[in-house]
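Here the structure is laid out as structure tokens; the discussion comes afterwards.
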Amino acid sequence: MDFTEFKRKLGAEPRSSDPEFLAARDASAEHRDAAMAAERFEERLEQALDIPVPSDLAAGLLDAPGRRQRRRRWPLALAASLVVAVGAAGLVYRSSHSWESVEAYVMDHYRHDGARVLELAADGAAGDVQEILGAFGLQAEPSLAGMVRLVKFCPAPGGKGAHMVLDTESGLVTVFYLPGTRVNDRQMIDFDGRQAMLVSLEHGAAVIVGGTGHSPAAYYTVVHDAIVPVDRRS
Numbered sequence: 132m133d134f135t136e137f138k139r140k141l142g143a144e145p146r147s148s149d150p151e152f153l154a155a156r157d158a159s160a161e162h163r164d165a166a167m168a169a170e171r172f173e174e175r176l177e178q179a180l181d182i183p184v185p186s187d188l189a190a191g192l193l194d195a196p197g198r199r200q201r202r203r204r205w206p207l208a209l210a211a212s213l214v215v216a217v218g219a220a221g222l223v224y225r226s227s228h229s230w231e232s233v234e235a236y237v238m239d240h241y242r243h244d245g246a247r248v249l250e251l252a253a254d255g256a257a258g259d260v261q262e263i264l265g266a267f268g269l270q271a272e273p274s275l276a277g278m279v280r281l282v283k284f285c286p287a288p289g290g291k292g293a294h295m296v297l298d299t300e301s302g303l304v305t306v307f308y309l310p311g312t313r314v315n316d317r318q319m320i321d322f323d324g325r326q327a328m329l330v331s332l333e334h335g336a337a338v339i340v341g342g343t344g345h346s347p348a349a350y351y352t353v354v355h356d357a358i359v360p361v362d363r364r365s
């Protein structure tokens with residue numbers, strides 16, 4: 132397994148137990164370093180999502196003053212959604228200190244797996260954008276959904292976000308969705324010969340990372356207008 136194929140496998144299944152993959156991992160210092168970097172990335176994600184939720188949280192919320200008379204009308208799914216919502220608030224607080232700034236996050240994240248995810252996207256489409264964004268109570272309008280070639284969960288300043296690759300006329304473009312994050316709309320970040328644009332959304336924020344030599348500004352409108360709440364009516 133050459134290094135390019137190893138990186139593709141590493142991106143898709145970083146903790147694979149496949150014998151060929153394990154043998155490739157030990158083949159050189161370059162392979163081992165890539166595997167160690169991927170493992171650190173996975174550990175950071177796990178730590179960000181390791182938020183304990185009190186076992187009686189839902190019951191306590193349902194028993195709050197003024198709610199007792201309506202308790203029987205609340206479906207179990209709604210109680211579960213409250214637990215998820217409060218847990219998400221904890222993620223925002225705990226993970227907001229993982230990076231000194233959004234700019235630092237963008238550079239760290241993209242340098243870690245930006246190129247690797249672009250390679251995976253180039254090999255074929257993967258992921259369901261509506262399912263991923265649905266975890267945040269959002270959906271992608273057709274103008275954006277039709278461009279998404281790959282989407283997956285990823286670490287974010289708010290705990291867990293989404294990593295998307297758009298298939299555009301100018302090539303593959305990376306977009307990060309960051310829940311619970313506020314940014315200066317249209318602010319530009321320059322790093323490693325690339326430009327990234329911050330996008331302020333109704334719920335959270337997004338980052339568009341352009342390819343080498345072209346600006347992400349061309350995709351501002353589609354990203355800004357197409358990541359919307361699931362109950363939004365077009």
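The sequence shown: position 22 = 153 (the working numbering), numbered continuously.
A virtual CB, placed ideally from N, CA and C, is assigned to each residue, including glycine.
Everything numeric in this text was worked out from a predicted model, so none of it was measured.
Residue i classed as buried or exposed, judged by whether at least 16 other C-beta atoms fall within 10 angstroms
i, result
"PRO206", "Bear in mind that a pLDDT of 40 at PRO206, under 50, signals an unreliable position, so the model cannot answer this."
"ASP244", "buried"
"THR312", "buried"
"PRO347", "buried"
"LEU153", "exposed"
"ARG146", "exposed"
"ARG242", "exposed"
"ARG317", "exposed"
"GLY335", "buried"
"GLN200", "With a pLDDT of 42 at GLN200, under the threshold of 50, the modelled position of that residue is not reliable, and no figure is offered here."
"ARG150", "Reading off the sequence, residue 150 comes out as Pro, not Arg. Looking at its Cβ environment, which holds fewer than 16 other Cβ atoms inside 10 Å, PRO150 is exposed."
Chain-order list of residues whose beta-carbon lies under 7 Å from that of residue i (same chain, five-residue window excluded)
i, result
"GLU234", "ILE320"
"HIS162", "PHE134, PHE137, ALA155, ARG156"
Collapsed DSSP secondary structure at residue i in the structure displayed
i, result
"HIS294", "strand"
"MET167", "helix"
"ALA158", "coil"
"ARG247", "helix"
"ALA287", "strand"
"SER147", "coil"
"THR343", "coil"
"VAL314", "coil"
"LEU281", "strand"
Own chain partners of residue i with C-beta closer than 8 Å, once the 5 adjacent residues on each side are dropped
i, result
"GLY265", "VAL361"
"PHE307", "VAL237, HIS240, CYS285, ALA287, GLY292, ALA293, HIS294, MET295, ALA337, VAL338, VAL340"
6 Å CB neighbourhood of residue i in its chain, flanking five on each side removed
i, result
"ARG280", "ALA252, ALA256, VAL296, ASP298"
"LEU332", "ILE358"
"VAL353", "SER274, LEU275"
Per DSSP, the bridge partner or partners of residue i
i, result
"ARG325", "PHE322"
"ALA252", "Beta-bridge pairing links ALA252 to no other residue."
"ILE358", "ALA271"
"SER331", "ALA336"
Exercise for the section: Take every Cβ of the segment 295-311, pair it with every Cβ of the segment 271-285, and state whether three or more of those distances are shorter than 8 Å. Expected result: yes
Exercise for the section: For the segment 278-294 and the segment 324-334, state whether three or more C-beta atom pairs, one from each stretch, are separated by less than 8 Å. Expected result: no
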